[in-house]
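The structure appears right after this line, and notes come after that.
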Amino acid sequence: INRELNVARKVAVVAGRLLDKALILDRKHRIKDRVLKGATWAFDKVGSTVKNVQEDMNDEQRPGRGKRQDDRPRETRPTER
């Protein structure tokens, strides 16, 4: 996914620009610690989401796995016209 979308590079560019702005504001308002905590939290969330997606994709590729209750066929009711 990262190779196709080049997400890591784009995130790094945006993070760098935000950090530059934050450091300018930090001189006046001392917000660097808050920004770094927020960025760390966001990076951890993205990392865990990527890990979960990769695990789900691997589970679907293994035979006999990846079937969930939501995947079973559902009964459809006839619609009245």
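In this text, residue positions in the sequence shown follow our numbering: the first is 1, and each later residue adds one.
Even for Gly, the Cβ is constructed at its ideal location relative to N, Cα and C.
{"Asked": "Nearest-angstrom Cα distance between L23 and K10?", "Found": "20 Å"}
{"Asked": "Can you list, in chain order, the residues of its chain whose CB lies under 7 Å from that of G38, leaving out five sequence neighbours each side?", "Found": "none"}
{"Asked": "Put R30 into one of helix, strand or coil per three-state DSSP.", "Found": "coil"}
{"Asked": "Taking the alpha carbon of V7 as the reference point, which residue from G47, D56 and D33 has its own alpha carbon closest?", "Found": "G47"}
{"Asked": "Between G16 and H29, what straight-line distance do the alpha-carbon atoms span, to the nearest angstrom?", "Found": "19 Å"}
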